[in-house]
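Chemist: Please find one structure pasted underneath; my questions will follow.
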Amino acid sequence: MRKVMTLVLALSLALSLSFSTAFAKEYPSKPIKIIVPSKAGGSTDTGARLFIKAAKKYWPDAKFVIKNVPGSGGQKGFEEIAKARKDGHTIGMIFTTQVVAHVVAKRARYTLDSFHVMGNVMQDPLIVAVPKDSPIKDMGAFIKEAKARALTTAVNGIGSDDFIAAKKLERQTGVTFNLLPTKGSTEQKAMILGGHVDASVMNLSQLQAQHKAGTARIIAILDENRSEILPNVKTAAEQGFPVNMTATRGFVAPAGVKKEILAKLDDLLAKVQKDEEFIAECTKDVFFLLPMNGVDYLSYLTDLQAETQTFYDKNPW
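Put into structure tokens, the structure is as follows:
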């Protein structure tokens, strides 16, 4: 009887492995849904569409569809990715700092463990900007004025990358900004162009054209290096304020997908990251590339969550 049971178990294991291997070989067997946690037409959405265009070169028989799930600073979309079927036919984009800020604030119905992190693709460094007629020309003058009075500074919502960057500046310099949360970059841009705020902390891509046109002034880039598109704008660190902050945009799958499937998805993303046409299109559309594999991006997200937690503990939002 024991020999019979052993044989049955061996056959079951063999069949299971055979089925798993066959499933992996035929994957994808239906369209792959990419959940984008923002409205259509935005930078995250455009990034997903550029990914699909490049991915089709490597998976020509695969079909990709985008599902936009905006709302709550990406939270609704992040949660939908986390709870998706674990068959590899749903992946999604995440962006920082929001994906970890919702966890820190105990609002999210997910954690980083809810995802298999495939890797990062893009970044969008933060900037400090002022209206074109502002007497503030550099970071030294900006911080000096902020110590004299609470400068009204626009950010894209509480817990956003803008918000955390402003909090970093406050912690380093001892100033306190009158932070004005907005509904998005469009509102921030209007406030700067109209001179309705003293400053704005926002993403480089959102105001680089206006800086070039002279309708707004970027006084610092919060990155380790100057931007190639605005080489004359100094980093905050060059001006004596070593604060770095960038928004990342990467890909994840729900945790629990078969390892064979995840390996294929990771390989696809790695190919897209190195694709010359993809790189050229991103450069043309002013998307700044920051390729990271899954291990490195997960480490980045973990560190970012810990840093964001320190700001939340001091001043919960």
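Going letter by letter, the sequence shown gives residues -24 to -1, 1 to 293 in mature numbering (1 follows the signal peptide of the UniProt record, and there is no 0). Beta carbons: idealized from backbone N, C-alpha and C, even for Gly.
Kindly indicate the opening and closing residues of the alpha helix (DSSP H) around Asp137.
Modeler: Asp137 to Thr149
Chemist: On a CA-only basis, which of Ala81, Glu121 and Ser275 is nearest Pro292? Give me that one, please.
Modeler: Of the listed residues, the one whose Cα sits closest to Pro292 is Ala81.
Chemist: Evaluate contact between the stretch 161 to 178 and the stretch 90 to 107, counting only Cβ atoms and requiring at least three cross-stretch pairs below 8 Å.
Modeler: yes
Chemist: Using C-beta distances below 6 Å, list every residue in its chain close to Gln285, excluding the 5 sequence neighbours before and after it, in chain order.
Modeler: Val80
Chemist: Give the straight-line distance between the Cα atoms of Glu2 and Met94, rounded to the nearest whole angstrom.
Modeler: 20 Å
Chemist: Taking all protein chains shown into account, do 16 or more other C-beta atoms lie within 10 angstroms of the C-beta of Val41, making it buried, or fewer, making it exposed?
Modeler: exposed
Chemist: Decide if Gln148 is buried, meaning its Cβ has at least 16 other Cβ atoms within 10 Å, or exposed.
Modeler: The residue in question, Gln148, is exposed, as its Cβ has fewer than 16 Cβ neighbours within 10 Å.
Chemist: Taking the runs of the alpha helix (DSSP H) that are 4 residues or longer, which of them lie wholly in the stretch 229 to 264?
Modeler: 235 to 250 and 252 to 260
Chemist: Terminal residues of the continuous alpha helix (DSSP H) containing Gln281?
Modeler: Gly270 to Lys290
Chemist: Just the Cα atoms here: how many angstroms apart are Leu183 and Glu236?
Modeler: 42 Å
Chemist: With contact counted as at least three CB pairs below 8 Å, one residue from each stretch, are the stretch 13 to 24 and the stretch 60 to 69 in contact?
Modeler: yes
Chemist: Any idea if Asn179 is buried or exposed, counting beta-carbon neighbours within 10 angstroms, 16 or more meaning buried?
Modeler: buried
Chemist: Could you give the first and the last residue of the continuous beta strand (DSSP E) run that contains Gln184?
Modeler: Per DSSP, Gln184 belongs to no beta strand (DSSP E); it is in the alpha helix (DSSP H), Leu180 to Ala189.
Chemist: Could you check where the beta strand (DSSP E) with Val97 kicks off and where it finishes?
Modeler: For Val97, the enclosing beta strand (DSSP E) starts and ends at Phe91 to Pro107.
Chemist: Please classify Ser(-7): is it buried, with 16 or more other beta-carbons within 10 angstroms of its beta-carbon, or exposed?
Modeler: Residue confidence is low: Ser(-7) scores 47 on pLDDT, short of 50, so the model does not pin down where it sits. No coordinate-derived value is stated.
Chemist: Which stretch, first to last residue, makes up the alpha helix (DSSP H) that contains Met167?
Modeler: Ser161 to Leu169
Chemist: Which residues in the same chain as Phe91 place their Cβ atom closer than 8 Å to its Cβ, once the five residues preceding and following it in sequence are excluded?
Modeler: Ile57, Ala58, Ile70, Val228, Ala229, Pro230 and Ala231
Chemist: To the nearest angstrom, report how far apart Lys120 and Lys210 are at their CA atoms.
Modeler: In a straight line, the C-alpha of Lys120 is about 18 Å away from that of Lys210.
Chemist: Would you mind stating whether Ala16 and Asp251 have Cβ atoms separated by less than 8 Å?
Modeler: no
Chemist: What first and last residue would you give for the beta strand (DSSP E) that runs through residue 305?
Modeler: Because the chain spans -24 through 293 in this model, residue 305 falls outside it and cannot be assessed.
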